[in-house]
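In the working numbering, the protein residues as written are 491 to 647. Below is one structure; the comments refer to it alone.
Printed below as a string of structure tokens:
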């Protein structure tokens with residue numbers, strides 16, 4: 491066993507390095523603060539419109555003039571994991587119906603039901619998006635993968 495003891499300066503430097511590491515990636519990020527601020531109690535008509543996302547993705551939510559709603563998706567990711575944030579993620583074109591999910595007073599989300607996606611496609615596409623607000627505008631988003639790493643797929647109007 492060595493008789494050398496760390497100096498106060500060395501100990502302070504070590505503490506500083508640990509603090510920097512925790513701020514830059516080693517520390518868990520609060521999952522609740524990842525992404526836009528969620529919105530509760532959104533109306534269906536508020537969501538109508540076209541949203542644009544990463545790598546040319548587009549989602550158009552429509553009312554059909556009766557009690558039904560539909561959507562069309564362009565360059566929509568075939569999978570629902572964090573790999574969809576990469577530029578080379580596989581995509582498809584799809585159509586279907588959507589609905590708002592959520593209990594009164596809780597954050598709302600929308601559920602997409604693809605009606606024309608071929609059954610032989612691998613994986614499960616992104617089918618649920620939270621409704622949020624950023625800079626006063628509605629945003630649809632999904633938190634992807636490990637909650638300790640903030641990865642968000644966002645679609646903005």
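Glycine included, C-beta positions come from ideal geometry on N, C-alpha and C.
Those residues which DSSP pairs with residue i across a bridge
{"i": "residue 576", "result": "Answer by DSSP bridge pairing: none, since residue 576 is not bridged."}
{"i": "residue 639", "result": "DSSP output for residue 639 lists no bridge partner at all."}
C-alpha distance - residue i paired with residue j, whole-angstrom precision
{"i": "residue 607", "j": "residue 615", "result": "10 Å"}
{"i": "residue 530", "j": "residue 592", "result": "8 Å"}
{"i": "residue 504", "j": "residue 640", "result": "Here residue 504 scores only 38 on pLDDT, less than 50, and its place in the model is too uncertain to base an answer on."}
{"i": "residue 545", "j": "residue 565", "result": "8 Å"}
{"i": "residue 612", "j": "residue 569", "result": "8 Å"}
{"i": "residue 644", "j": "residue 575", "result": "10 Å"}
{"i": "residue 543", "j": "residue 646", "result": "7 Å"}
{"i": "residue 584", "j": "residue 560", "result": "11 Å"}
6 Å Cβ shell around residue i - same chain, five flanking residues per side excluded
{"i": "residue 572", "result": "634, 635 and 641"}
{"i": "residue 580", "result": "568"}
{"i": "residue 577", "result": "545"}
{"i": "residue 527", "result": "622 and 623"}
{"i": "residue 629", "result": "526, 622, 644 and 646"}
{"i": "residue 563", "result": "549 and 584"}
Residue range of the alpha helix (DSSP H) that includes residue i
{"i": "residue 534", "result": "534 to 537"}
Sequence-distant residues of the same chain with beta carbon closer than 8 Å to residue i, five excluded per side
{"i": "residue 618", "result": "591, 599, 600, 601, 602 and 632"}
Bounding residues of the beta strand (DSSP E) (the contiguous stretch that carries residue i)
{"i": "residue 557", "result": "Taken as a continuous stretch (DSSP letters only), residue 557 belongs to no beta strand (DSSP E), as it is neither H nor E."}
{"i": "residue 624", "result": "618 to 624"}
{"i": "residue 546", "result": "No beta strand (DSSP E) holds residue 546; DSSP gives it neither H nor E."}
{"i": "residue 629", "result": "627 to 633"}
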